[in-house]
């Protein structure tokens with residue numbers, strides 16, 4: 006097992022080196038080496054995951070004295086499997102997609118190195134190795150995004166990404182330094198063992214150590230996972246090659262969720278940090294989703310969609326559903342990777358048919374399609390509110406009857422409820438002759454998805470955190486006072502119920518409100534369309550800094 | 016003796032405004048070999064001067080050193096001339112050696128000398144590249160030649176590696192030196208540690224701007240003479256050695 010972990014890291018590294026060295030002789034044919042290397046990497050990670058699933062004990066391998074420790078535990082093997090799988094798909098896709106690009110072999114070399122860095126990150130067993138991998142990913146992503154050496158804009162936004170990533174490296178480094186001084190070791194295993202043996206009352210600069218360090222780690226995760234105010238790089242990196250966008254959105258951006266999971270033994274000892282993580286995730290999820298709706302460029306919309314999803318993933322960590330965040334990052338990686346790799350096809354199709362829905366009267370008269378048959382809005386609102394929540398509660402209750410005891414599970418139930426309700430509302434607005442048949446099919450699909458989701462997330466929980474006491478501690482660390490929680494639940498239920506009733510009512514009688522709200526709505530749309538001016542503010546700040554530096558240089562006569 | 020020793024150390028492990036002396040001298044040198052020699056020797060003289068003091072520098076001098084490093088890191092962001100940029104970055108990096116000496120990271124003088132050499136090597140290579148670019152393009156000025164990746168792919172590959180090493184990217188000696196300095200400063204002077212990290216961030220920004228100015232853009236119309244395969248191979252090998260040196264030095268520093 007130990008040997009396999011090292012082989013997993015060496016394979017992409019060796020194939021990248023061989024691709025680079027053979028490029029002058031084999032030219033474009035050299036990328037075959039890269040593909041073979043990735044196939045082999047994926048095969049070995051599959052074997053590793055298989056062994057872990059079969060119950061092979063977790064352990065570590067030490068390549069150096071103070072650093073160079075590699076882990077093989079459920080989290081690292083699962084993540085290595087996901088990383089190598091996505092990387093293999095991106096490699097295969099790039100063979101034809103990048104064929105006309107200059108620097109074709111170089112692109113595969115960089116992809117191989119990036120895969121090696123990602124694999125090093127997920128299997129890092131000490132803080133130094135983790136820092137090295139964390140830093141390297143930012144540097145390699147800069148070169149992958151700026152692959153087109155003739156494009157100034159690609160490099161501009163690649164540099165923006167690099168800076169955000171470097172900004173995220175700093176709190177991680179500070180946190181690592183504090184942990185080293187507190188525990189006298191760089192080894193994650195040794196640090197977590199000490200944390201588990203005694204509750205840690207230590208302070209640093211008058212602040213509690215665990216809270217300070219976990220806050221810094223969370224900040225590093227926020228930068229990597231594009232949380233609000235550190236998100237601007239994500240939607241702007243679309244000038245890079247599409248396979249890189251796919252790899253970035255499917256694999257690299259999820260690193261925040263991985264990092265919080267890796268430091269789970271630290272987070273369970275904290276008080277209040279997870280609440281802040283929840284808050285940041287929630288704000289990001291809402292803002293990312295709103296900004297996505299205002300975009301008219303498919304790739305930029307996908308960028309903001311990823312931001313929203315990352316917010317949701319971080320929020321899951323904030324409610325204590327750590328393993329669910331891992332499941333989310335894998336599921337998101339798969340569907341977002343697919344969307345990016347298919348974006349070119351969608352753009353091609355859009356050139357044939359714009360897909361803009363036609364007016365009801367036009368479709369009825371010219372296309373002779375049936376007019377939309379509306380059902381009573383109150384009945385539909387009732388179905389929208391009751392059916393999804395019933396399915397969700399039954400599915401959760403079947404998997405774990407005590408789920409109502411976990412505040413995090415209840416919070417996530419609300420999001421499932423809103424999503425299910427949204428699905429029924431979309432059905433209600435669709436043009437169909439038999440709405441009940443369509444709704445029946447959609448609800449059946451929803452039930453299958455919910456049951457599958459519940460079962461898989463439960464399986465992830467058991468696989469990643471097999472100790473039930475530890476699982477309870479995670480939820481406890483994320484919990485709040487029961488009185489306040491119950492009050493919030495009642496409040497949120499009221500908001501959801503009244504919100505959907507208002508939505509259905511407005512859909513039926515909306516024209517009366519339109520005039521009054523349009524001014525407010527237009528103002529809000531302008532703000533959202535300009536992405537809340539965040540990127541502009543950063544650009545202004547950097548220009549100001551460059552201006553100060555120039556003035557200093559002139560004042561000091563360039564010496 | 017102590018005051019003279021401190022003065023010598025402040026000149027050779029440059030503290031502002033003594034740092035202006037090095038930068039003025041560096042800018043005046045036209046010859047690449049002379050610049051390379053200066054970059055190698057200057058900090059070693061500083062390490063020697065620091066060694067003669069026989070005591071750890073006081074806290075106010077450390078704040079002065081980190082302020083110098085920050086000043087030159089910020090100034091390097093606005094510099095377009097690669098030669099000047101090399102001088103500023105070297106000044107910023109060497110100033111941080113004061114902290115390495117003070118926090119006892121370099122337990123022996125030879126370790127500090129090794130650290131200084133490790134920090135200087137990427138700048139030595141940059142000085143050589145400046146000469147080469149000036150020969151080919153007439154000036155090593157960001158944005159003037161532009162598009163080096165298309166025009167001189169091998170040379171720009173080496174330039175990328177040299178800049179990455181100069182901004183203390185992982186596995187080169189500079190990375191471990193900065194990591195060790197930050198970690199050791201953290202419990203004693205947390206503000207200084209945070210400032211070191213900010214300097215690191217400024218280096219990355221400055222490096223990315225410099226890279227963009229040189230390698231990005233459409234290819235130059237006139238044909239240029241790129242590095243030979245052997246020279247590129249040898250320079251690539253030098254980077255492998257630099258990485259190995261970084262890994263070796265990490266055992267001593269952290």
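Residue numbers (my numbering), protein chains in the order written: chain B, 6 to 564; chain R, 16 to 269.
For glycine and all other residues, C-beta sits at the position ideal for the given N, C-alpha and C.
Beta bridge counterpart(s) of residue i as assigned by DSSP
{"i": "residue 64 of chain B", "result": "B:77"}
{"i": "residue 209 of chain B", "result": "B:212"}
{"i": "residue 491 of chain B", "result": "Residue 491 of chain B pairs with nothing; no bridge assigned."}
{"i": "residue 202 of chain B", "result": "Paired residue(s): none; residue 202 of chain B is not in a bridge."}
{"i": "residue 174 of chain B", "result": "Answer by DSSP bridge pairing: none, since residue 174 of chain B is not bridged."}
{"i": "residue 153 of chain B", "result": "Per DSSP, none; premise fails for residue 153 of chain B."}
{"i": "residue 98 of chain B", "result": "Answer is none; residue 98 of chain B lacks a bridge partner."}
Residue i and residue j closer than 9 Å at C-beta
{"i": "residue 226 of chain R", "j": "residue 96 of chain B", "result": "no"}
{"i": "residue 313 of chain B", "j": "residue 94 of chain B", "result": "no"}
{"i": "residue 346 of chain B", "j": "residue 251 of chain B", "result": "yes"}
{"i": "residue 111 of chain R", "j": "residue 81 of chain R", "result": "yes"}
{"i": "residue 114 of chain R", "j": "residue 267 of chain R", "result": "no"}
{"i": "residue 290 of chain B", "j": "residue 316 of chain B", "result": "yes"}
{"i": "residue 58 of chain B", "j": "residue 468 of chain B", "result": "yes"}
{"i": "residue 218 of chain R", "j": "residue 181 of chain R", "result": "yes"}
{"i": "residue 152 of chain B", "j": "residue 249 of chain B", "result": "yes"}
{"i": "residue 5 of chain B", "j": "residue 193 of chain B", "result": "There is no way to answer for residue 5 of chain B, as the model of chain B reaches only from 6 to 564."}
{"i": "residue 146 of chain B", "j": "residue 197 of chain B", "result": "no"}
{"i": "residue 310 of chain B", "j": "residue 286 of chain B", "result": "no"}
{"i": "residue 143 of chain B", "j": "residue 171 of chain B", "result": "yes"}
{"i": "residue 329 of chain B", "j": "residue 465 of chain B", "result": "yes"}
{"i": "residue 96 of chain R", "j": "residue 168 of chain R", "result": "no"}
{"i": "residue 26 of chain B", "j": "residue 42 of chain B", "result": "no"}
{"i": "residue 59 of chain R", "j": "residue 155 of chain R", "result": "no"}
{"i": "residue 39 of chain B", "j": "residue 24 of chain B", "result": "yes"}
{"i": "residue 254 of chain R", "j": "residue 174 of chain R", "result": "no"}
{"i": "residue 20 of chain R", "j": "residue 74 of chain R", "result": "no"}
{"i": "residue 92 of chain B", "j": "residue 120 of chain B", "result": "yes"}
{"i": "residue 2 of chain B", "j": "residue 452 of chain B", "result": "An answer regarding residue 2 of chain B cannot be provided, because it is not within the stretch 6 to 564 covered by chain B."}
{"i": "residue 322 of chain B", "j": "residue 257 of chain B", "result": "no"}
{"i": "residue 77 of chain B", "j": "residue 7 of chain B", "result": "yes"}
{"i": "residue 99 of chain R", "j": "residue 38 of chain R", "result": "yes"}
{"i": "residue 132 of chain B", "j": "residue 185 of chain B", "result": "yes"}
{"i": "residue 250 of chain R", "j": "residue 215 of chain R", "result": "no"}
{"i": "residue 109 of chain B", "j": "residue 36 of chain B", "result": "yes"}
{"i": "residue 189 of chain B", "j": "residue 241 of chain B", "result": "no"}
{"i": "residue 21 of chain B", "j": "residue 116 of chain B", "result": "yes"}
{"i": "residue 53 of chain B", "j": "residue 331 of chain B", "result": "no"}
Where the alpha helix (DSSP H) containing residue i begins and where it ends
{"i": "residue 56 of chain B", "result": "36–58"}
{"i": "residue 150 of chain R", "result": "124–152"}
{"i": "residue 5 of chain B", "result": "Any question about residue 5 of chain B goes unanswered here, given that chain B covers just 6 to 564."}
{"i": "residue 333 of chain B", "result": "327–357"}
{"i": "residue 21 of chain B", "result": "7–31"}
{"i": "residue 300 of chain B", "result": "Taken as a continuous stretch (DSSP letters only), residue 300 of chain B belongs to no alpha helix (DSSP H), as it is neither H nor E."}
{"i": "residue 393 of chain B", "result": "382–404"}
{"i": "residue 570 of chain B", "result": "Limits of chain B in this structure are 6 at one end and 564 at the other, which puts residue 570 of chain B out of reach."}
{"i": "residue 199 of chain R", "result": "188–203"}
{"i": "residue 419 of chain B", "result": "412–434"}
{"i": "residue 463 of chain B", "result": "440–469"}
{"i": "residue 94 of chain R", "result": "Where residue 94 of chain R is concerned, there is no enclosing alpha helix (DSSP H), given that its DSSP letter is neither H nor E."}
Nearest-angstrom beta carbon gap, residue j and residue i [assumed within contact, 8 Å]
{"i": "residue 105 of chain R", "j": "residue 138 of chain R", "result": "5 Å"}
{"i": "residue 269 of chain B", "j": "residue 230 of chain B", "result": "16 Å between Cβ atoms; not a contact."}
{"i": "residue 233 of chain R", "j": "residue 162 of chain R", "result": "5 Å"}
{"i": "residue 90 of chain R", "j": "residue 554 of chain B", "result": "5 Å"}
{"i": "residue 299 of chain B", "j": "residue 534 of chain B", "result": "5 Å"}
{"i": "residue 210 of chain B", "j": "residue 205 of chain R", "result": "6 Å"}
Cutoff 9 Å: residue i Cβ touching any chain C Cβ
{"i": "residue 208 of chain R", "result": "Any reference to chain C falls outside this structure, whose protein chains are B and R."}
- request: Would you check if the region 83–90 of chain B and the region 119–129 of chain B touch, i.e. whether three or more CB-CB distances between them fall below 8 Å?
  value: yes
field: Cβ contact (3+ pairs, closer than 8 Å) linking the region 397–417 of chain B and the region 433–450 of chain B
entry: no
- request: Take every Cβ of the region 209–229 of chain B, pair it with every Cβ of the region 176–194 of chain B, and state whether three or more of those distances are shorter than 8 Å.
  value: yes
- prompt: Between the region 170–190 of chain R and the region 49–60 of chain R, do three or more beta carbon pairs fall short of 8 Å?
  reply: no
- prompt: Taking contact to mean at least 3 C-beta pairs separated by less than 8 Å, is the region 50–70 of chain B in contact with the region 480–488 of chain B?
  reply: With contact defined as three or more Cβ pairs closer than 8 Å, the region 50–70 of chain B and the region 480–488 of chain B are not in contact.
- request: Evaluate contact between the region 134–152 of chain R and the region 61–71 of chain R, counting only Cβ atoms and requiring at least three cross-stretch pairs below 8 Å.
  value: no
- prompt: Does the region 387–398 of chain B come close enough to the region 500–517 of chain B to have 3 or more Cβ pairs within less than 8 Å?
  reply: yes
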